[in-house]
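In the numbering used here, the protein residues as written are 3 to 626.
Heads up, the beta-carbon is just placed ideally off N, CA and C, and yes, glycines get one too.
Being a predicted model, the structure only gives us computed values, none of them experimental.
For reference, the structure discussed in these notes is given below.
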Amino acid sequence: MNNSRWKMNRIGLLDFWYYDDQEFYFLDGRMLLRGSNGSGKSVTMQSFIPLLLDGNMRPERLDPSGSRARKMENYLLEDGDGREERTGYLYMEFKRKDVENYLTIGIGLRARRGKKLDPWYFCITDGRRIGKDIYLYKDVKEKIAYSKMELRNRIGDGGRMLSMGFREDIETILTQAPENRQTILFSATMPKEIMNLIDNYQKDPTLVEINKSQVALNSIEQFYYDIPTGRKNDALGLLLHYYAPSRSMVFCNTKKMVDDLTGWLLDHGFKAEGLHGDMKQSQRTVVMDAFKAGRTSILVATDVAARGIDVDDINCVFNYDIPQNAEYYVHRIGRTGRAGKSGSAYTLCCGRNQLRQMEQILRFAKAQATLAPVPMPDEILQKRREEGAQKLRTFLTGKTDFPYLDMVLSLMHTEDEQVPTFSAEQIAAAALELLYGAQQSDLPDATGLNREKKRRSPKDYVKFIIDAGYNARMVPNFIVGAIAERTGLSGRDIGKIEIFEDNTTVEIPQEQAEEVLSSMQDCRINGKKVRISVLPTEKRRKGADQKEKFKKDGKKASFEKSSFQNPRKRGFSENKNNSKRKKASYSERFASYTESSPESSSQNDKFRGKKHNKTRGKFHSKHK
């Protein structure tokens, strides 16, 4: 039913950036935010999308073009602000369509001069609404924001405070500890948060490194897989059947995913238990005891289990979700290969972006991993047979006593003609089937998992030219989005994209070239009406000839001026200010927005103009 869907209904800011107390309403989940250049539209909305929804606290997420020296604390305590401390809130309210049912999520931020920002998350699940049933401040007139503990008490059982870790607890303990003490901190890695604790609470500390992370990783065999979207469960099931670990851990990024995956594994015959931060300590103890005792062979967990858990004989670690960074990766796979033993780690990736992310993690972790195909059912069955045969050989070698021999003989020979008899081969095969199960009925679907990666040659593409380049703020995502919207092609189908000063070249598969050419006429990309045409063969041939001449003569040749501007970065050498700019690559990540209608373009043009000073209240929201 449509009314069961949650939609954004309202967002609010309290004591954050320029806002003392501000709300923006949505209509049917949509909102149009209008304002002049520099009025703060981007920072306002990006405070909710990256910061609130994914928890990434890097300040450049709010203002990519801002100063690198700017910190998140500056959005609560600006330079020149006389206050030494300020607590602010961001929240997002959701509503079911046609039903008065509300859900609110939010983040609190406490900033103190000269100290690290203290964030916490919360959710209100009992239908209470901020500003109506519950408030984020103590005094209605002064609007003094609640502290974390005060908000926790106000929410009560009608919601939940989401923990950001144990730092606050550690600091509370250390402040109560005797002045004359010895403090020792142990960690597999030393992130910034740990170093801050060291600086604040230790006297003349000495860093002792027993083993570097790389040494520990050497004993762990690492693999990663390119899995089609939506097929990770099947891939994980096949890997578990193939390697058949006696004890393994599977890491997920969210608590919901832990619960969902644990249920799937149980439904498919695996002995699995889940572990995450929402469980009571007594529940965690029961789960860990079962895992250590071998009653559970698979532990599905969030990163709460990546640190501080030492269980013997964990054969494999599976990263169902890619870890957030290299540090998390090291901690996760470090659950296996402990105390000089060997182990294996397997990571599931979906799509190009995750593959690049995984390769980046491996670089930072200085780890070596192999991109491998998922084992297929016939490989699994063959492995089962080989391992079963070896077990039988080992069992039969030197054995003289066979308690079931009389049963076998009775199946082979009988005096009753009505009773069928069987050969020794048939009896052995039937016994193995009873032991190992049917051929393939217990294995997940493997269709399409190891899709063949087709590599096109340059001859398979038609090169198009678009009359807009980086001067018009073109980026690959804008172009891919426009083509995908009009033709249905995906990023995998599109070839090389090269963005230059005044134009852009795009490679399109030959079979879709005509469709792209007809569909992309009068198209708007990033609000600009563009023209697209096939790059003439002679232009491409001329470019190749010039490259060849350059190789031979060692002199840089110049192209003749024409409608096709030379794609040799001429603007970089002519303009000193552009000397450090790089040609945009396909892998660059930008938030994309593509307009294809004149009406929407007129709205987009309102965001462009002369720069002016940021002033509160220079923009407003309208329902779209």
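Rounded to whole angstroms, what is the Cα-Cα separation between residue i and residue j?
i, j, result
"N11", "S49", "16 angstroms"
"T489", "R233", "26 angstroms"
"F96", "Q24", "17 angstroms"
"I172", "D228", "40 angstroms"
"P180", "D305", "32 angstroms"
"K140", "Y27", "24 angstroms"
"N577", "T506", "Unreliable positioning characterises N577 in this predicted model, as indicated by a pLDDT of 43, which lies under 50. The coordinate reading is nonetheless provided below. Distance between the alpha carbons of N577 and T506: 19 angstroms."
"R286", "L277", "7 angstroms"
"D495", "I510", "7 angstroms"
"M409", "R365", "60 angstroms"
"L15", "K43", "13 angstroms"
"E75", "G497", "42 angstroms"
"T338", "K117", "37 angstroms"
"D291", "S299", "12 angstroms"
"T423", "L407", "15 angstroms"
"T402", "L242", "35 angstroms"
"V332", "A367", "7 angstroms"
"R156", "D22", "21 angstroms"
"G279", "K258", "11 angstroms"
"L411", "D447", "40 angstroms"
"E503", "S38", "27 angstroms"
"Q362", "P230", "20 angstroms"
The beta strand (DSSP E) with residue i in it runs from where to where?
i, result
"A237", "Run containing A237: none in the beta strand (DSSP E); it sits in the alpha helix (DSSP H), 234–245."
"I126", "120–126"
"G276", "274–277"
"V410", "Not the beta strand (DSSP E): V410 falls in the alpha helix (DSSP H), residues 407–414."
"A448", "Segment: none, A448 is in no beta strand (DSSP E) and carries neither H nor E."
"Y21", "21–27"
"A627", "Nothing in the structure corresponds to residue 627, since the chain is present only between 3 and 626."
"A515", "Element bounds for A515: not the beta strand (DSSP E) but the alpha helix (DSSP H), 512–521."
"P252", "The amino acid occupying residue 252 in the given sequence is Val; Pro does not appear at that position. First-last of the beta strand (DSSP E) with V252: 250–253."
"K531", "530–532"
"E500", "499–501"
"V319", "318–321"
"K9", "8–18"
Which residue marks the beginning of the alpha helix (DSSP H) containing residue i, and which one marks its end?
i, result
"M47", "43–48"
"I157", "150–157"
"S346", "First-last for S346: 345–351, but that is the beta strand (DSSP E), not the alpha helix (DSSP H)."
"W266", "257–269"
"V482", "478–489"
"A391", "379–398"
"V332", "328–335"
"D291", "283–295"
Please confirm whether any heavy atom of the ligand ADP lies closer than 8 angstroms to the CB of residue i.
i, result
"Q370", "With respect to the ligand ADP, the structure shown offers nothing to examine, as it has no ligands at all."
If you measure between the beta carbons of residue i and residue j, is that distance less than 9 angstroms?
i, j, result
"L240", "M378", "yes"
"R130", "Y91", "no"
"L119", "M59", "yes"
"Y245", "S344", "no"
"K9", "R98", "yes"
"F18", "L153", "no"
"I311", "P247", "no"
"V508", "I467", "yes"
"N255", "Q356", "no"
"I136", "I126", "yes"
"L64", "A113", "no"
"F253", "A303", "yes"
"G161", "D128", "yes"
Shortest alpha-carbon distance to residue i belongs to which of the options?
i, options, result
"I501", "M522, P478, K150", "P478"
"L413", "T399, F397, L398, A430", "A430"
"Y20", "K531, R88, L55", "R88"
"S250", "L54, L437, D314, D100", "D314"
"Q512", "N198, Y463, D159, T127", "Y463"
"R533", "A470, L491, I485", "A470"
"A650", "E223, M360, L111, E435", "Residue 650 falls outside the range modelled here, since the chain spans only 3 to 626, and no answer is possible."
"W122", "L54, Y203, A486, I13", "L54"
"N235", "I186, S520, T208, F272", "F272"
"D524", "A484, I499, L491", "A484"
"Y203", "A113, T177, M476", "T177"
"I527", "Q514, E487, L537, A515", "E487"
"G296", "Q420, S521, Y472, A274", "A274"
"L383", "T416, L434, F188", "L434"
"D100", "L451, G31, S41", "G31"
"L138", "I51, R115, I109", "I109"
Chain D beta carbons: is any one of them nearer than 9 angstroms to that of residue i?
i, result
"P230", "Absent from the structure: chain D. Only one protein chain is present."
Indicate whether the contact test is met: 3 or more Cβ pairs, each with one atom in the segment 320–327 and one in the segment 344–352, closer than 8 angstroms.
Per the Cβ contact rule, the segment 320–327 is in contact with the segment 344–352 (3 or more Cβ pairs under 8 angstroms).
Would the segment 263–270 count as touching the segment 370–387 if we require 3 or more Cβ pairs under 8 angstroms?
Touching, no.
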